Amino acid sequence: MLFESFDGIGAPLLASFVCSLGVGIASYLLVFKTKLFDRLLDVPLVPPFLALPAIMFAFLMGFMSSDAWQNFAHARTALINESSSISRLIAIPLQFPEHQKSSHSQIQLYLDAVLNEEWGNHASPSANAKTKLALENMELIIWNGNTACSKGGSAQAACIDNFTGTSYLKALDDLRKAREQRLSLGYLSSVNAKWVLAIALAFISALSVAAVHRHNQKTSIISLVLFCSSIWVTFCIVTMYSNPYKWAERLEPVPLISIFNSLKAGS
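Residue 14 is where the sequence shown starts when you use our numbering, and the numbers rise one by one after that.
What follows is the structure, given as structure tokens:
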């Protein structure tokens with residue numbers, strides 16, 4: 014939907030209110046201000062007819078809500094995996110002090126770029142070159158350590174044994190996967206066609222409410238207000254969770270901030 018281009022916390026609420034208000038006004042005008050439904054004054058619709066479009070609307074919103082909450086759960090898992098991988102990288106002891114220092118420095122650079130550029134300012138929409146460079150430099154530490162093992166003399170002091178190197182690269186690979194998952198969820202946006210269908214079904218349902226009460230304008234207005242209010246609440250629930258990194262119901266990188274602060278305090 015159009016609200017996705019705005020970063021304000023209230024953007025989904027405002028967009029949902031406008032949609033529900035538009036649905037209600039359009040339904041009222043079509044039923045009471047045109048002659049299309051005048052025949053219902055003589056042959057009214059039976060009230061159970063309301064259930065048909067309302068059930069279809071409820072099913073669609075249920076699927077959309079499930080999809081939004083599933084993405085939110087995946088984003089939470091990605092955050093946990095990312096922080097866990099970084100903790101493992103910090104905990105792995107590298108025998109050569111320069112390797113250990115360089116590793117912690119690159120992890121700190123990675124976290125700084127993630128928190129301030131990938132997550133903080135842009136709500137995780139795209140990858141950042143600094144994080145990619147930090148990951149490559151961390152991997153380079155291990156390759157340089159493995160190369161030093163085949164050399165003699167003082168250069169062999171920088172050697173990294175196979176077990177340590179394998180454990181480090183495994184944690185680094187898990188970090189890459191978690192980051193890619195986070196970025197892919199940041200790219201997600203609600204499919205416009207899906208929202209067009211949802212709004213269309215909401216309009217048909219509201220039109221049914223007004224048509225059933227065509228004989229009594231005041232009753233129809235009260236019913237439309239109640240029904241459109243429920244549409245607004247339903248749309249709000251879906252839109253607030255449609256992107257895990259934006260708006261009121263968003264994830265905060267608390268584990269990454271904690272690790273970053275610990276590294277800064279240690280350095």
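Backbone N, C-alpha and C fix where the C-beta goes; we use that ideal spot for every residue, glycine too.
Quick caveat, the model's predicted, so the values are computed rather than measured.
In chain order, S221 and V225 place their CB closer than 7 angstroms to the CB of F62, counting only its own chain and leaving out the 5 sequence neighbours on each side. Closest in alpha carbon position to Q230, among S163, F50, A24 and S33, is F50. Across the set F76, Q119 and N141, the C-alpha of Q119 shows the shortest separation from the C-alpha of L153. Apart from the 5 residues on each side of it in sequence, L102 sits with its Cβ closer than 8 angstroms to the Cβ of S116, I120, M151, Y181, A184, L185 and L188 in its chain, given in chain order. Look at F240 here: in three-state DSSP terms it is helix.
DSSP, read as helix, strand or coil, puts P266 in coil. Put simply, the backbone Cα of Y254 is about 16 angstroms away from that of I244. DSSP places A126 within a helical segment (H, G or I) once states are collapsed to three. With respect to L214, F70 sits close: the two C-beta atoms are nearer than 8 angstroms.
By the Cβ criterion, the stretch 254-265 is in contact with the stretch 83-97, since at least three pairs of Cβ atoms, one from each stretch, lie closer than 8 angstroms.
For A67, the uninterrupted alpha helix (DSSP H) segment begins and ends at A64 to A104. With contacts defined by Cβ atoms closer than 8 angstroms, M77 and A261 do not form a contacting pair. Here the stretch 34-41 lies against the stretch 235-250, with 3 or more beta-carbon pairs under 8 angstroms apart.
S29: member of the alpha helix (DSSP H) spanning A24 to F45, first to last residue.
Following the DSSP letters along the chain, one finds W156 inside the alpha helix (DSSP H) bounded by residues A142 to C162. Taking a contact as a CB-CB distance under 8 angstroms, the pair E95 and L269 counts as one, their CB atoms being some 7 angstroms apart. Around the beta carbon of T47, fewer than 16 other beta carbons lie within 10 angstroms, which makes this residue exposed.
Secondary structure of A184 (DSSP, three-state): helix. Setting aside the 5 residues that flank it on each side, I217 is surrounded in the same chain by P66, each with a C-beta closer than 7 angstroms to its C-beta; the list follows chain order. In the DSSP annotation of this structure, the continuous segment of the alpha helix (DSSP H) that includes L214 starts and ends at N205 to V225. By the 16-neighbour rule on beta-carbons within 10 angstroms, V44 is buried. Annotation: A28 to W208 spans about 12 angstroms, alpha carbon to alpha carbon. Going by beta carbons, A223 and S233 fall inside the 8 angstroms limit.
For D80, the closest of L198, F273, L237 and R227 by C-alpha to C-alpha distance is L198.
With fewer than 16 other Cβ atoms from the protein chains shown falling within 10 Å of its own Cβ, I68 counts as exposed.
In the three-state reduction of the DSSP assignment, F248 falls in the helix class. Pairing W132 with P266 gives a Cβ-Cβ distance under 8 angstroms. Around the CB of A64, fewer than 16 other CB atoms lie within 10 Å, so the residue is classed as exposed.
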